[in-house]
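Chemist: Dumping the structure here so I can ask a few things about it.
Protein chains in written order, with the numbering used here: chain A, 1 to 111; chain H, 112 to 225.
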């Protein structure tokens with residue numbers, strides 16, 4: 001069974017701080033996605049990374065896919081209260097094509 | 112374009128009953144996937160339908176079933192409900208369900224089993 005370990009599970013920081021969320025697996029994924037989910041809504045796709053070593057930036061968010069395509073990270077610079085939410089990583093299994101989600105990181109940014 | 116819609120948004124059932132949830136994908140999308148989200152297990156894949164055929168299936172018991180209609184709308188059914196089936200059920204649609212295809216999630220149906 002392919003698993004994605006996401007850490008930390010909870011993060012509470014002050015506005016302006018930086019943070020990094022990690023997503024690790026022993027399995028290789030053909031692609032990896034990051035989502036953000038707010039209460040009462042479904043997850044919204046932030047980014048898809050496909051190539052090992054790939055780095056993508058989305059304003060203050062930086063996403064990295066590990067060289068071996070087994071891990072990924074999300075770095076947020078100068079967090080703002082609007083960044084508060086549940087962040088989910090999801091890997092596309094190379095074998096089955098299924099999308100496997102990490103447990104999620106609940107981020108709270110206090111003003 | 113209208114987003115993915117799910118009905119009903121909230122549902123309360125008792126153990127042993129059955130339930131049917133509905134999902135209308137974005138117009139033109141042919142792939143619909145269903146997920147179960149709980150605080151303990153996170154988001155878990157149930158199944159995916161493409162052009163009325165189940166293309167992929169997660170590790171859930173046979174009490175969980177689904178189908179897709181010719182207009183790509185999908186339903187999932189859970190029979191003989193158990194307390195542990197209480198969860199947020201999310202539906203996601205994409206154009207083709209391919210590897211890097213963007214999935215658009217609906218707001219979910221919150222099912223409570225008493």
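Quick reminder that beta carbons are idealized off the backbone N, C-alpha and C, glycines included.
Below 6 Å CB to CB, which residues in the same chain sit around residue 166 of chain H once its five sequence neighbours on both sides are set aside?
Modeler: By one-based count along the second chain, residue 166 of chain H stands at place 55. Contacts found: 159.
Chemist: Scan the segment 193-221 of chain H and note each continuous beta strand (DSSP E) run of 3 residues or more that stays entirely inside, going in chain order.
Modeler: With a minimum length of 3 residues, the continuous beta strand (DSSP E) runs that stay inside the segment 193-221 of chain H are 198-205.
Chemist: Let me see if you follow: with CB-CB separation under 7 Å, is residue 49 of chain A close to chain H or not?
Modeler: The residue you call residue 49 of chain A lines up with position 49 of the first chain. Output row for residue 49 of chain A: interface = no.
Chemist: Excluding the five sequence neighbours on either side, which residues of its own chain have a C-beta within less than 6 Å of the C-beta of residue 75 of chain A, listed in chain order?
Modeler: On the first chain, position 75 is the one that residue 75 of chain A refers to. If we look at residue 75 of chain A and ignore the five residues flanking it on each side, its Cβ neighbours are 20, 62.
Chemist: CB-CB under 6 Å to residue 55 of chain A, same chain, minus the five flanking residues each way: which ones, in chain order?
Modeler: Taking the first chain and counting its residues from 1, the one referred to as residue 55 of chain A is at position 55. Correct list, in chain order: 64.
Chemist: Could you compute how far the alpha carbon of residue 28 of chain A sits from the alpha carbon of residue 89 of chain A?
Modeler: Here residue 28 of chain A corresponds to residue number 28 of the first chain, with the count starting at 1. Here residue 89 of chain A corresponds to residue number 89 of the first chain, with the count starting at 1. Looking at the two C-alpha atoms, the distance is approximately 14 Å.
Chemist: Counting only the same chain and skipping the five closest in sequence on each side, list residues whose C-beta sits under 7 Å from that of residue 121 of chain A.
Modeler: Coverage of chain A is limited to positions 1 through 111, which leaves residue 121 of chain A absent and any answer about it impossible.
Chemist: Leaving out five residues on either side along the sequence, give the residues of the same chain with a beta carbon under 7 Å from the beta carbon of residue 147 of chain H.
Modeler: Here residue 147 of chain H refers to the residue found at position 36 of the second chain. If we look at residue 147 of chain H and ignore the five residues flanking it on each side, its Cβ neighbours are 155, 157, 198, 200.
Chemist: Can you check which of these residues, H/128, H/143, H/221, is closest to residue 174 of chain H by C-alpha distance?
Modeler: Sequence index remark: in the second chain, residue 174 of chain H carries index 63 (1-based). Considering only alpha carbons, the answer is H/128.
Chemist: So which of H/218, H/189, H/185 has the shortest CA-CA distance to residue 130 of chain H?
Modeler: On the second chain, position 19 is the one that residue 130 of chain H refers to. For residue 130 of chain H, the nearest C-alpha among the options comes from H/189.
Chemist: Decide if residue 78 of chain A is buried, meaning its Cβ has at least 16 other Cβ atoms within 10 Å, or exposed.
Modeler: Reading the first chain from its first residue, position 78 is the one you call residue 78 of chain A. Counting Cβ neighbours within 10 Å, residue 78 of chain A comes out exposed, since fewer than 16 surround it.
Chemist: Short of 6 Å in beta carbon distance, which residues of its chain neighbour residue 103 of chain A, apart from the five on each side in sequence? Order them along the chain.
Modeler: What you label residue 103 of chain A is simply residue 103 of the first chain in a count that begins at 1. 6.
Chemist: Going by alpha carbons, who is nearest to residue 163 of chain H out of H/172, H/141, H/171?
Modeler: As a position in the second chain, residue 163 of chain H is number 52, starting the count at 1. Here the closest residue by C-alpha is H/141.
Chemist: Pull out every residue of the segment 56-75 of chain A whose Cβ sits closer than 8 Å to any Cβ of chain H, in chain order.
Modeler: Those residues of the segment 56-75 of chain A that come within reach of chain H (Cβ to Cβ, closer than 8 Å) do not exist; the list is empty.
Chemist: Report the neighbours of residue 219 of chain H on chain A: residues whose CB is nearer than 7 Å to its CB, in chain order.
Modeler: Position 108 of the second chain holds residue 219 of chain H. Per Cβ cutoff of 7 Å: 42.
Chemist: Ends of the beta strand (DSSP E) at residue 90 of chain A?
Modeler: Here residue 90 of chain A refers to the residue found at position 90 when the first chain is read from its first residue. Note, residue 90 of chain A: beta strand (DSSP E), 85-93.
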